[in-house]
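Note that my numbering has the sequence shown beginning at 143, numbered continuously upward. For every residue, glycine included, the Cβ atom is placed at its ideal position computed from N, Cα and C.
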Amino acid sequence: MSIKKKLGSIVISLAMISIFSCVNLDAGAVQKNSERELALIDKLHEIADPSLSPEQRADLVISKMSLEDRIRIIGGYQRFYIKGFAEYGLRDVEMADATMGLRNHGRVTAFPMAIVMASTWNRDLIFQTGNTVAKECRAKGVDVLLGPGVNIYRVPNNGRNYEYFGEDPYLAAQLSGEYIKGIQDLGIMAVVKHFVADNSDFDRHRMSSDVDERTLNEIYYPAFKNAVQNAGVKSVMTAYNPVNGVSASENTQIIGTLNNKWGFKGIVMADWESVYNAYEPFVAGLDLEMPGPRFFNAKNLIPLLEEGKITEEQLNNKVKRILSTCFSLGIYDRPAVDSNFAAHSDENRAVAMKVAHEGIILLKNKDNILPVTEKVKKIAIVGPRAKNTPSTGFGAGMVTVPEDAKVDFYTGIKAAAGEGVDVRKVGASSKFAREADVVFVCVGFSGWLEMESMDRDWEMPSSHVRTIKRAAKNNPNTVVLITAGGGVETESWINDVAGVVHTFYLGEPRGTAIADIIYGDVNPSGKLPYTMVKRYEDLPASEYYLPEGKKLFRFPRLALNGSKVLRKIWHVEYKEGIYLGYRHHDTFNVAPQFEFGFGLSYTTFDIKNAKLSATEISGDQSITVTVDVTNTGDRAGSEVVQLYVADKESSLDRPAQELKNFEKVFLEPGETKSVTMTISKDALSYFDPAVDSWVAESGEFEIRLGNSSRNISQTLTFNYKK
Ligand code: GLC
């Protein structure tokens with residue numbers, strides 16, 4: 143890396159530490175005391191009988207609250223709280239980041255990134271993940287988990303792709319929905335974020351995502367809509383970015399859709415420092431400003447009330463949404479800390495390990511160089527990510543791995559090596575690397591390069607690529623372990639190496655998990671939740687990602703709040719529309735490096751004997767697909783059967799195919815299981831802006847079954863009649 147880039151990285155780090163240190167208040171800024179909390183509960187129950195509905199109870203408390211207190215509660219408190227009021231028996235409600243576990247809460251489980259959760263394609267496991275994070279919230283006295291983040295992967299550059307679930311709206315919706323159910327199952331409030339079209343962190347307060355209504359509904363809304371309508375999420379966090387020129391926290395188009403079209407009744411909260419006015423967000427439907435009452439305060443709101451520009455009814459409705467949502471989860475009726483739950487327990491850590499095992503993706507395995515066999519006696523570990531392997535990107539989502547739980551790639555691979563195996567950390571050109579039986583090259587990004595509030599390059603640092611090429615030149619048995627939160631450039635080196643494993647950022651499991659995979663103790667089953675392209679210009683959004691003249695700059699744009707002048711909004715038009723990822727590649731025949739849904743295994747599978755329950759359905763009828771999956775290899779493993787739907791004729795243009803169901807199945811060698819999936823007219827529909835609704839047209843549809851978007855092994859057709 144050039145001196146300039148190094149200097150840039152150092153400056154970034156300082157900038158980022160300064161940005162995040164101000165938000166990294168130690169947990170428990172508000173002291174918890176169960177004695178005091180139990181007394182508050184008694185007080186609350188005098189005012190609002192717990193046998194009444196959450197809404198009735200909220201009305202009773204509101205009837206007691208002064209105007210000042212009703213204004214105060216919608217303004218956030220101590221950066222991570224909803225303020226409590228002893229006189230009404232309401233304790234402080236604590237929030238914490240985020241999807242991968244509890245940030246700034248001492249010894250907790252640091253999960254693999256959300257993108258790794260997406261790569262597992264395992265609904266049950268992601269429910270269990272959410273449930274485990276909820277257990278740690280209860281143990282630590284956190285009531286609100288500021289996750290999951292579900293923003294769609296539009297470009298690999300986005301500094302926060304690692305916090306989200308990939309490019310496909312159905313996959314993101316299904317898995318984040320399970321995560322939300324897991325969180326709320328234990329009375330913890332989930333907050334689905336960042337609403338909406340937050341697909342870059344570059345200049346995030348000013349870069350407007352300009353997205354047409356059909357693209358919003360087919361690509362960027364679905365994970366949020368599923369969270370609201372199917373997973374019952376209790377809170378939605380609006381994004382920093384403007385949408386179609388209006389900041390998300392005051393955007394009547396998107397908040398109106400959320401509340402009025404989807405029927406959301408929970409808390410609409412703003413991202414931290416993403417409110418820029420008092421009146422506009424208030425009337426647009428924002429319920430809670432965070433991290434404090436910068437705009438939602440008496441000084442601003444009382445004059446608006448007196449002028450009749452806003453009403454007490456509107457204010458009370460916001461307070462009611464906050465209180466009734468907390469009542470619905472039992473938050474005000476229990477002490478914050480529950481010692482029946484534990485954080486960082488072996489049970490919790492085992493769930494994180496399972497996510498890592500099932501999310502690591504084997505992308506290339508020439509001549510079955512992996513798994514390492516007993517013939518391998520010399521293993522060279524090369525590259526800048528071998529030691530102190532990054533466990534996370536940098537930002538609000540990061541979780542600290544306890545010191546005594548840190549295992550980097552070198553340590554993990556060395557610790558798991560068999561008897562008499564010589565494992566050394568060496569240079570790519572050393573005699574040892576030249577003569578080793580296998581060379582692992584550990585490269586990629588880190589929290590210093592892939593972080594919140596800025597975007598990254600697609601290419602890995604050039605010195606990393608040089609290390610790959612040097613190692614491969616000296617030894618053909620070279621395997622690359624990629625540390626990154628999304629896609630990277632591969633075309634310049636992929637043909638030089640024998641193996642490639644995408645390891646993302648694995649949280650605490652890191653070196654142990656990758657050792658389990660490369661030694662074959664675990665058979666990889668991860669599948670790409672996004673497309674990896676050969677050339678940057680193959681990306682459908684590549685020509686629209688940054689408008690003319692805007693260059694990626696390394697210095698994160700500090701949150702320029704408050705001033706409209708400094709916050710001059712500029713526009714990014716999502717001209718690729720619905721043709722994102724495989725929807726683009728499969729429709730316009732652009733061959734990717736690795737396709738959406740792709741991932742290798744150490745065994746092989748057959749997907750056959752697909753059958754449909756009918757050849758024609760109509761109206762709201764659903765159709766059932768059954769298909770046999772056989773493990774035709776000699777090692778147990780899991781396969782993900784993916785179901786894509788193709789509309790053979792439609793009034794509007796449509797992608798060649800779209801993911802509409804999937805099932806992951808574990809099989810012993812030789813075992814066959816029958817997998818059943820159903821689809822209904824929702825899976826056949828497209829959004830028609832002309833009628834502002836989803837439309838399923840009569841006609842022929844194809845159901846395509848395979849283990850990736852491009853490896854389709856069974857195709858069936860049926861007719862749908864409206
Ligand atoms: C951050 C993030 C958001 C996080 C919040 C609180 O800036 O955008 O994801 O939950 O602020 O830390």
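Tell me the residue span of the alpha helix (DSSP H) that contains residue i.
i: G398; result: 394-398
i: S466; result: 454-470
i: N490; result: 488-501
i: F587; result: Counting along the chain, F587 falls outside any alpha helix (DSSP H), and DSSP gives it neither H nor E.
i: K573; result: 573-577
i: E236; result: Segment 235-238 is the beta strand (DSSP E) holding E236; no alpha helix (DSSP H) there.
i: M259; result: 256-262
Using the C-alpha atoms, what's the distance from residue j back to residue i?
i: A169; j: G589; result: In this prediction, A169 has a pLDDT of 49, which is less than 50 and means its spatial position is unreliable; what the coordinates show is noted afterwards. Looking at the two C-alpha atoms, the distance is approximately 22 angstroms.
i: E577; j: V621; result: 15 angstroms
i: K174; j: G283; result: 8 angstroms
i: I161; j: M432; result: Per-residue confidence for I161 stands at a pLDDT of 46, beneath the threshold of 50, marking its modelled position as unreliable; the derived number appears in the next sentence. About 16 angstroms.
i: Y256; j: L244; result: Tyr is not the amino acid found at residue 256; the sequence shown has Ala there. Answer to the nearest angstrom: the Cα atoms are 14 angstroms apart.
i: G704; j: L694; result: Residue confidence for G704 is low, a pLDDT of 47 falling below 50, so the modelled location carries little weight; the figure read from the coordinates is stated next. Their backbone Cα atoms lie some 24 angstroms apart in a straight line.
i: Y786; j: N458; result: 46 angstroms
i: D488; j: V583; result: 31 angstroms
i: N619; j: I521; result: 10 angstroms
i: R598; j: P196; result: 45 angstroms
i: I294; j: G539; result: 16 angstroms
i: K323; j: S684; result: 35 angstroms
i: A832; j: E690; result: 31 angstroms
i: T645; j: E278; result: 25 angstroms
i: S466; j: L182; result: 17 angstroms
i: E631; j: H606; result: 11 angstroms
i: Q371; j: G387; result: 27 angstroms
i: E500; j: L623; result: 16 angstroms
i: P435; j: A339; result: 26 angstroms
i: E601; j: V461; result: 48 angstroms
Sorted by chain position, which residues of the same chain lie with C-beta nearer than 7 angstroms to residue i's C-beta, five sequence neighbours on each side aside?
i: T673; result: E309, G723, Y724, H727, P734, E737, F738
i: A701; result: Residue confidence for A701 is low, a pLDDT of 45 falling below 50, so the modelled location carries little weight; the figure read from the coordinates is stated next. Excluding sequence neighbours, A701 sits near H347, E415.
i: D327; result: N273, A276
i: V895; result: Outside the shown range of the chain, which is 143 to 864, sits residue 895, and nothing can be said about it.
i: S571; result: R612, N616
i: L317; result: M259, A260, R265, I268, F307
i: K508; result: A640, G641
i: E829; result: Glu is not the amino acid found at residue 829; the sequence shown has Phe there. The answer, listed in chain order, is R356, N359, E360, W836.
i: P192; result: D475
i: K863; result: E758, S760, S840
Quick one: is the Cβ of residue i within less than 7 angstroms of any heavy atom of the ligand GLC?
i: L288; result: yes
i: G739; result: no
i: D239; result: yes
i: A365; result: no
i: W414; result: yes
i: H247; result: no
Would you mind working out which of the options sits nearest residue i, comparing C-alpha positions?
i: G586; options: R608, K556, L287, F424; result: R608
i: N264; options: E320, E489, R249, F227; result: E320
i: I189; options: N303, L428, Y474, G434; result: Y474
i: L648; options: M242, T357, K185; result: M242
i: A657; options: V549, V370, R233, V333; result: V549
i: P384; options: L430, E516, V370, H336; result: H336
i: F808; options: A798, E842, D770; result: D770
i: V297; options: G628, L512, A315; result: G628
i: K790; options: A756, Y721, E800; result: E800
Excluding the five sequence neighbours on either side, which residues of its own chain have a C-beta within less than 8 angstroms of the C-beta of residue i, listed in chain order?
i: D824; result: W836, A838
i: L180; result: P477
i: F747; result: V771, T772, N773, T774, G775, G779, E781, L809, N849
Could you tell me if the beta carbon of residue i falls within a distance shorter than 7 angstroms of some heavy atom in the ligand ZN?
i: H347; result: Annotation note on the ligand ZN: not contained in the displayed structure, which lists the ligand GLC as its ligands.
Would you give the residue range spanned by the beta strand (DSSP E) that residue i belongs to?
i: R846; result: 841-848
i: E868; result: Residue 868 lies beyond the stretch modelled for the chain, which goes from 143 to 864, so this question has no answer here.
i: T620; result: 620-625
i: G641; result: 641-644
i: L809; result: 800-809
Apart from the five residues on each side of it in sequence, which residues of its chain come closer than 6 angstroms, Cβ to Cβ, to residue i?
i: I159; result: Bear in mind that a pLDDT of 47 at I159, under 50, signals an unreliable position, so the number given afterwards is only what the model happens to contain. Cβ neighbours of I159 beyond the five flanking positions: none.
i: T531; result: D550, F551, R652
i: K529; result: D550, Y552
i: H486; result: R249, V250, T251
i: S851; result: Y724, E737, F738, G739
i: T820; result: S764, T766
i: A614; result: T620, D638, V639
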